[in-house]
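One gets the working numbering by counting positions in the sequence shown from 1 and adding 198 to each.
C-beta atoms are modelled at their ideal positions from N, C-alpha and C, and glycine is treated no differently.
Heads up, the thing below is written out as structure tokens.
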Amino acid sequence: MSATVAVRTAPEVPPHRLVDDIVALIAGTLIVSLGLAILKGGGAVTGGTAGLSLLLGYVVPTPTGVLFLAINVPFFLFAARGRGWSFTLRSCLAIAMVGALVLVQPLFVDLDGIDAAYAAIMGNVLSGVGVLILFRHGSSLGGFNIVALHLQEHRGFRAGYVLMVLDALVVIASFAVVPPLSVAYSAVGAVILNLIIALNHRPGRYVATGPR
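So, in structure tokens, the structure goes:
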């Protein structure tokens with residue numbers, strides 16, 4: 199009498215449909231743009247190219263959305279070479295949408311006088327959730343996101359932790375233009391943002407990518 203050994207196989211995961219990616223793009227960019235608007239309203243900063251655009255926005259008379267688009271341009275060449283045109287074009291669209299939405303958010307939400315600590319934490323939480331949505335649908339917000347995803351897929355470094363290191367450099371640089379207390383709040387917020395990504399976007403955990 200022979201024993202039968204059951205082999206457990208992983209269920210097939212259906213890829214994202216085009217409509218899934220479109221909805222995710224809209225939701226992710228809306229959430230990130232609101233997060234950035236909250237950060238700016240509270241005089242806080244965050245990491246990445248979004249943080250750089252906020253920093254520059256405090257010292258030069260240029261809208262944050264315009265700066266965000268300009269800073270990300272050099273990273274597109276790296277993305278096209280390392281991750282392909284599909285990812286690059288999706289990221290370009292996401293960046294353009296965030297840049298535009300950041301400009302219009304103040305027309306609908308009055309954020310003047312918002313508490314700095316609340317702005318730093320909530321702005322980063324929203325930004326982290328929005329970036330996570332974009333990551334899971336084959337897109338990003340360019341800049342450090344592209345570098346972090348490349349290192350995660352090719353070197354095994356978790357994207358959230360890579361972003362945390364790079365973002366720390368941006369937060370440190372913010373001492374030059376932002377009050378120390380706001381920098382402290384921003385540092386806590388940046389850690390929260392990257393923990394959200396690190397704990398929810400691990401290699402192999404989420405594999406449903408690309409449209410049908």
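6 Å CB neighbourhood of Ile-394 in its chain, flanking five on each side removed: Gly-326
So Leu-361 and Ala-385 are in contact, right, with Cβ under 8 Å, and what is the actual spacing, rounded? Incorrect: roughly 14 Å between the Cβ atoms, too far for contact.
Straight-line CA distance for Tyr-359 to Val-369? 15 Å
Are three or more beta carbon pairs between the region 220–227 and the region 289–302 nearer than 8 Å? yes
Reduced DSSP secondary structure (H/G/I, E/B, other) of Ile-394: helix
8 Å is my cut-off, CB to CB: does Val-363 come that close to chain B? The chain labelled as chain B is not found in the depicted structure, where only one protein chain is given.
How about Gly-161 and Phe-285: do their beta carbons lie closer than 8 Å? An answer regarding residue 161 cannot be provided, because it is not within the stretch 199 to 410 covered by the chain.
Between the region 248–257 and the region 308–316, do three or more beta carbon pairs fall short of 8 Å? no
Have a look at Leu-364, Ala-235 and Val-271 and flag the residue whose alpha-carbon is nearest the alpha-carbon of Ala-318. Ala-235
What residue does the alpha helix (DSSP H) around Arg-215 start on, and which one ends it? That residue, Arg-215, is in no alpha helix (DSSP H); it is neither H nor E in DSSP.
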